[in-house]
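Input: a single structure, listed below in structure tokens.
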Amino acid sequence: MVRTLDAATLRRWCAACVDALDYHREEIDALNVYPIPDGDTGTNMLLTLRGAADLLRRELPDGTAQTAAVIARGALLGARGNSGIIVSQILRGLAERVAVEMPPQGHAFADGLAHAVALAYGAVAEPVEGTMLTVARAAAEAAKGAGSDELTAVVTAA
Numbered sequence: 006m007v008r009t010l011d012a013a014t015l016r017r018w019c020a021a022c023v024d025a026l027d028y029h030r031e032e033i034d035a036l037n038v039y040p041i042p043d044g045d046t047g048t049n050m051l052l053t054l055r056g057a058a059d060l061l062r063r064e065l066p067d068g069t070a071q072t073a074a075v076i077a078r079g080a081l082l083g084a085r086g087n088s089g090i091i092v093s094q095i096l097r098g099l100a101e102r103v104a105v106e107m108p109p110q111g112h113a114f115a116d117g118l119a120h121a122v123a124l125a126y127g128a129v130a131e132p133v134e135g136t137m138l139t140v141a142r143a144a145a146e147a148a149k150g151a152g153s154d155e156l157t158a159v160v161t162a163a
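Mapping to our numbering: the sequence shown position 11 is 16, numbers consecutive.
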């Protein structure tokens, strides 16, 4: 169980995201019905996170804030489609808030999610409910309502 958020944890998390998206890509692609049922949301999210992981391997940052920033920048550079842009903005929002407090506690993660959701909604010309934006917003609301400042409790609630 992760109790603190540090550079090594972020690197492992990024690799785990790539593995999970690679495994579930086709299933996510099949869910893709909005705005165009082109079946590429899982693929675009995977390519976006691979961009983050690739930049992380090339730059090898050592601090938590630096690692979060590299993940966010790599995701933006590797972003594909609306879903990739949304993911990159979520990672940017988390990175910006995590950098404020070291080591990040639960409230910093919850604040980061709320900030991330605002950035993600702002990155889409016409945000529509019932999409991954709604899922991100629900996660942010659950994190805020976790009733704990323990990182594990807040992440689990989200």
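Even glycine gets a Cβ: it sits at the ideal position worked out from N, Cα and C.
Between A80 and V92 a beta carbon distance of about 6 Å is seen, short of the 8 Å cut, so the two are scored as contacting.
Here L10 has T69, V103, P108, P109, F114, L156 as same chain residues with Cβ atoms under 8 Å from its own Cβ, once five neighbours each way along the sequence are excluded. Taking every protein chain shown into account, the CB of V23 has 16 or more other CB atoms within 10 angstroms, so this residue is buried. For the pair A84 and G98, the CB atoms are not nearer than the 9 Å cut-off. Of the residues assessed, D43 falls on the exposed side of the cut-off, its CB having fewer than 16 other CB atoms within 10 angstroms.
Here A100 is near A77, since their CB atoms are less than 9 Å apart. A residue is called buried when at least 16 other Cβ atoms come within 10 angstroms of its Cβ; D154 does not meet this threshold and is exposed. Comparing alpha carbon positions, the residue from V133, S88, A35 closest to T53 is S88. By a beta-carbon distance limit of 8 Å, A141 does not contact A151. Their separation comes to about 16 Å.
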